[in-house]
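K.L.:
So for the sequence shown, this note's numbering puts the first residue at 198; every next one is plus one.
The beta carbon of each residue, even a glycine, is placed where N, CA and C say it ideally should be.
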Amino acid sequence: MKCCMSTVVHEGNASVLPLENTFSDSLAMLNSEKAVEELIQQPILHGIDDHLIEFAEALRTVAKALRQAAEGKASAQAEASEWKRKYELERTHNLQLENKAMPPEKHLDENVQVVHLTNKPLLSDGAVKKSDRCCGEHGICSHQVLRDGEHDHDASVVPNKMTRKASFKLSWCCKGEKSDQKKHDIVSFEKGNITTAERSSKQISLKWESPPQTVLILTKPNSTAVRILCSELVRWLKEQKSLNIVVEPRVRTELLTESSYYQFVQTWENDKEIMSLHSKVDLVVTLGGDGTVLWAASMFKGPVPPVVPFSLGSLGFMTPFSLTFPDSECYKEYLDSILRGPISITLRHRLQCHVIRDSAKSDLDSEEPILVLNEVTIDRGISSFLTNLECYCDNSFVTCVQGDGLILSTTSGSTAYSLAAGGSMVHPQVPGILFTPICPHSLSFRPLILPEYVTIRVQVPFNSRGHAWASFDGKDRKKLAPGDALVCSMATWPVPTACQADSTSDFLRSIHEGLHWNLRKTQSFDGPRET
């Protein structure tokens, strides 16, 4: 390099001096060519080299993503074909078994059908007068007769093992028989014209077709007032209503510590018994706030019994039944009305979330699904870098999220984290998925509300600077590395919560009392008036 610099300087000096002969010119030209050759042989500047390396890494990332997409598509198609074939075989086999089991001379009424809810259900003759499935005209009917323990072909031998789960019917109802709101189709096609017909109130009503027998009580922990109320409630339900009571192991220990009278209270011992609670419990009573309702919903991975949420927490949007101390006797009036029926309920939809790792061979190779009632949050965790998330909706690219994270929320969770991040408040009966960014890097990035039938895929790109973290209703936190994805869709089983009045009245009262929504002083009327 010193030689090159001296040569250049020499060349500059030679250009200033007068040319005496052609020999000096030839010597200067020879020295300049040597300098150019030495410059060419030198390594490329570091800045250009770094850009080439980043470009090569980006090309490798794109190639890997395309290869994985092609392999995943082929694998998914093969898996789908195999599952379809198995489903058709299983369906044919079940139809053959049903035809063999039904005597040809016995004809059931068209409204009486047997629904297998678990692996060991039995329908007792004469015990159920109506159908397990409604004809679909007014709603869904549910009749469940379950057997505990092993399957016994002779039901009359061990009658004590037969337990009936309360059946109920869901139907759309209007506000009174003389209401102007009628039950009509939403859209009608008449003479080639598409018109929107008059809609009913769409308030869902639950009517018991057999009395409830088993109640599950879930309580807020570490609260003396809740513990006292729980013991009173258990005693009242047992003595006045003759119901079977199921509580958490912690609550049963507290009750037995207080008095040996509560020996009749039942509980569970392992996760397997928790998974079968939906087949034994007719009604769930929660004593706490919204967190207790979330805990109750997380215990049921499938069907959820009707939930009666009592408000004993600091803030509640899903707990319409308020109890105040020391006057907390009103729970008797509420439960009397609910056990008699019919009651208005709100069907709160849940999201089903799957984490698919980069090493997975296809989208079917995912971790155990997680159900959330409020929201699933993908954030940057403790990383100082912005979150980089690629979002797809039914295989259509939505956007690339750059910011602190993203919230995928149900309409029931619209008044939770999503609201704090700038999302809209949505009536819980509206079926939809809220797409809310957390502190986005772009001011034009506004929240979305997507229809309930879509599938949302959030993927951490391979060139992401850091990991992302997913949390489900504020717990079960999981790390998402580059290449990992989170797939969310609407779950099959909603959470039915009882209403004090109706779904709309409870929702509006909760945002008025809980958020003081649009609360302001009334404008003074002593100013100028229009003439």
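(1) State yes or no: is the beta carbon of residue 538 nearer than 8 Å to at least one beta carbon in chain C?
(2) Would you check if the distance between the CB atom of residue 682 and the CB atom of residue 643 is smaller than 8 Å?
(3) Residue 574 and residue 667: beta carbons closer than 8 Å?
(4) To the nearest angstrom, report how far apart residue 402 and residue 459 are at their CA atoms.
(5) Could I get the ranges of all uninterrupted alpha helix (DSSP H) runs contained in the segment 545-624, with 4 residues as the minimum, in chain order?
(6) By the DSSP assignment, the beta strand (DSSP E) with residue 673 in it spans what residues?
(7) Apart from the five residues on each side of it in sequence, which residues of its chain come closer than 7 Å, Cβ to Cβ, to residue 611?
(8) What is the residue span of the beta strand (DSSP E) that residue 411 lies within?
(9) Do you know how far the Cα of residue 256 is from the Cα of residue 474?
(10) State buried or exposed for residue 568, treating a residue as buried only when at least 16 other CB atoms are found within 10 Å of its CB.
(11) Per DSSP, residue 693 forms a beta bridge with which residues?
(12) Contact between the segment 435-451 and the segment 405-423: three or more CB pairs below 8 Å?
(13) Quick check: what's the CA-CA separation for residue 663 versus residue 566?
(14) To the nearest angstrom, how far is it from the Cα of residue 345 to the Cα of residue 502?
(15) Using the DSSP secondary-structure output, state which residues sit across from residue 655 in a beta bridge.
(16) Rank 690, 292, 423 and 679 by C-alpha distance to the C-alpha of residue 521 and give the top, closest one.
(17) Would you kindly check if the distance between the Cβ of residue 289 and the Cβ of residue 659 is under 8 Å?
(18) By how many angstroms is the C-alpha of residue 718 removed from the C-alpha of residue 468?
(19) In this structure, how does DSSP classify residue 645 when only helix, strand and coil are distinguished?
(20) In chain order, what residues of the same chain lie with their CB nearer than 6 Å to the CB of residue 639, ignoring the 5 residues before and after it?
(21) In three-state DSSP terms, what is residue 666?
(22) Give the secondary structure of residue 324 by DSSP, where H, G and I count as helix, E and B as strand, and everything else as coil.
(23) What does a CB cutoff of less than 7 Å around residue 499 pick up in its chain, not counting 5 residues either side in sequence?
(24) For residue 672 and residue 645, I'd like the C-alpha separation in whole angstroms.
(25) Kindly indicate which three-state DSSP category residue 404 falls into: helix, strand or coil?
(26) In the DSSP assignment, the beta strand (DSSP E) including residue 633 goes from what residue to what residue?
(27) From 545, 546 and 563, pick the residue whose C-alpha is nearest to that of residue 552; which is it?
(28) Assign residue 558 to buried or exposed, taking buried as 16 or more other Cβ atoms, counted over all protein chains shown, within 10 Å of its Cβ.
(29) Hey, quick one: how far does the beta strand (DSSP E) through residue 507 stretch, first residue to last?
(30) For residue 400, count neighbouring Cβ atoms within 10 angstroms of its own Cβ and tell me buried if that reaches 16, exposed if not.
(31) For a test of the three-state rule: what should DSSP assign to residue 501, helix, strand or coil?
(32) Pick helix, strand or coil for residue 346, following the three-state DSSP scheme.
(33) How about residue 652 and residue 686: do their beta carbons lie closer than 8 Å?
(34) Could you say which of 677, 647 and 516 lies nearest to residue 657 if we only look at CA atoms?
(35) On the CB-based measure, 16 or more other CB atoms within 10 Å of its CB, does residue 492 come out buried or exposed?
(36) Can you list, in chain order, the residues of its chain whose CB lies under 6 Å from that of residue 636, leaving out five sequence neighbours each side?
P.N.:
To lay it out plainly:
(1) The structure shown contains no chain C; it holds only a single protein chain.
(2) Mapped onto the sequence shown, residue 682 falls at position 485. Mapped onto the sequence shown, residue 643 falls at position 446. In this structure, residue 643 does not lie closer than 8 Å to residue 682 by Cβ.
(3) The residue labelled residue 574 in the question sits at position 377 within the sequence shown. The residue labelled residue 667 in the question sits at position 470 within the sequence shown. In this structure, residue 667 lies closer than 8 Å to residue 574 by Cβ.
(4) Stepping through the sequence shown from its first residue, residue 402 is reached at position 205. Stepping through the sequence shown from its first residue, residue 459 is reached at position 262. The straight-line gap from Cα to Cα measures roughly 34 Å.
(5) 614-617
(6) Taking the first residue of the sequence shown as position 1, residue 673 is located at position 476. It spans 672-677 - the beta strand (DSSP E) in which residue 673 sits, taken as one unbroken run.
(7) Stepping through the sequence shown from its first residue, residue 611 is reached at position 414. Closer than 7 Å at the Cβ level, and outside the excluded window around residue 611, lie 620, 621, 622, 623 and 631.
(8) Residue mapping note: residue 411 aligns to position 214 of the sequence shown, counting from 1. Segment 411-416, the beta strand (DSSP E) holding residue 411.
(9) Within the sequence shown, the letter at position 277 stands for residue 474. Within the sequence shown, the letter at position 59 stands for residue 256. Near 52 Å, if we compare the C-alpha coordinates of residue 256 and residue 474.
(10) The sequence position of residue 568 within the sequence shown is 371, counting from 1. Under this definition residue 568 is a buried residue.
(11) Start at 1 with the first residue of the sequence shown, and residue 693 comes out as number 496. Paired residues: 544.
(12) yes
(13) Within the sequence shown, the letter at position 466 stands for residue 663. Within the sequence shown, the letter at position 369 stands for residue 566. Roughly 24 Å separates the two Cα atoms.
(14) Here the question's residue 345 lines up with position 148 in the sequence shown. Here the question's residue 502 lines up with position 305 in the sequence shown. Residue placement at residue 345 cannot be trusted, given a pLDDT of 36 that sits under 50; what the coordinates show is reported in the next sentence. Spanning the two alpha carbons is a distance of roughly 18 Å.
(15) The residue labelled residue 655 in the question sits at position 458 within the sequence shown. According to DSSP, residue 655 bridges with 588 and 683.
(16) As a position in the sequence shown, residue 521 is number 324, starting the count at 1. Nearest of 690, 292, 423 and 679 to residue 521, Cα basis: 423.
(17) Residue numbering aside, residue 659 sits at position 462 when the sequence shown is read from its first letter. Residue numbering aside, residue 289 sits at position 92 when the sequence shown is read from its first letter. It is not a contact, given that the beta carbons lie outside the stated cut-off.
(18) Stepping through the sequence shown from its first residue, residue 468 is reached at position 271. Stepping through the sequence shown from its first residue, residue 718 is reached at position 521. So the alpha carbons of these two residues sit roughly 53 Å apart.
(19) If you number the sequence shown from 1, residue 645 lands on position 448. Looking at residue 645 - three-state DSSP - the assignment turns out to be strand.
(20) Residue mapping note: residue 639 aligns to position 442 of the sequence shown, counting from 1. Counting only Cβ-Cβ distances below 6 Å, and skipping sequence neighbours, we find nothing.
(21) Position 469 of the sequence shown, counted from the start, is the residue given in the question as residue 666. Judged by DSSP in its simplified three-state form, residue 666 adopts strand.
(22) As a working mapping, residue 324 is identified with position 127 in the sequence shown. Interpretation of residue 324 is limited by its pLDDT of 38, a score under 50 that renders its predicted location unreliable; no figure is taken from the coordinates.
(23) Mapped onto the sequence shown, residue 499 falls at position 302. By the criterion of a C-beta distance shorter than 7 Å, residue 499 is surrounded in its chain by 475 and 690, once the five residues flanking it on both sides are discounted.
(24) To locate residue 672, count along the sequence shown from 1; it is residue 475. To locate residue 645, count along the sequence shown from 1; it is residue 448. Whole-angstrom Cα-Cα distance: 24 Å.
(25) Working through the sequence shown from its first residue, we reach residue 404 at position 207. Strand.
(26) The residue labelled residue 633 in the question sits at position 436 within the sequence shown. Taken as a continuous stretch (DSSP letters only), the beta strand (DSSP E) holding residue 633 covers 629-637.
(27) Within the sequence shown, numbered from 1, the residue matching residue 552 stands at position 355. When each option's Cα is compared against that of residue 552, the closest is 563.
(28) If you number the sequence shown from 1, residue 558 lands on position 361. Per the 10 Å Cβ criterion, exposed.
(29) Taking the first residue of the sequence shown as position 1, residue 507 is located at position 310. It spans 504-508 - the beta strand (DSSP E) in which residue 507 sits, taken as one unbroken run.
(30) Within the sequence shown, residue 400 is the residue found at index 203, counting from 1. Per the 10 Å Cβ criterion, buried.
(31) The residue you call residue 501 lines up with position 304 of the sequence shown. Coil, per DSSP.
(32) Here residue 346 is taken as the residue at index 149 of the sequence shown, counted from 1. With a pLDDT of only 39 at residue 346, under the threshold of 50, the placement of this residue in the model should not be trusted; the figure read from the coordinates follows. The three-state secondary structure of residue 346, taken from DSSP, is coil.
(33) Numbered from its first residue, the sequence shown carries residue 652 at position 455. Numbered from its first residue, the sequence shown carries residue 686 at position 489. The answer is yes: Cβ separation under 8 Å.
(34) Taking the sequence shown and counting its residues from 1, the one referred to as residue 657 is at position 460. The residue with the shortest Cα to Cα distance from residue 657 is 677.
(35) For the purposes of this step, residue 492 is taken as residue 295 along the sequence shown, with counting starting at 1. Counting Cβ neighbours within 10 Å, residue 492 comes out buried, since at least 16 surround it.
(36) One-based indexing of the sequence shown puts residue 636 at position 439. Contacts found: 600 and 601.
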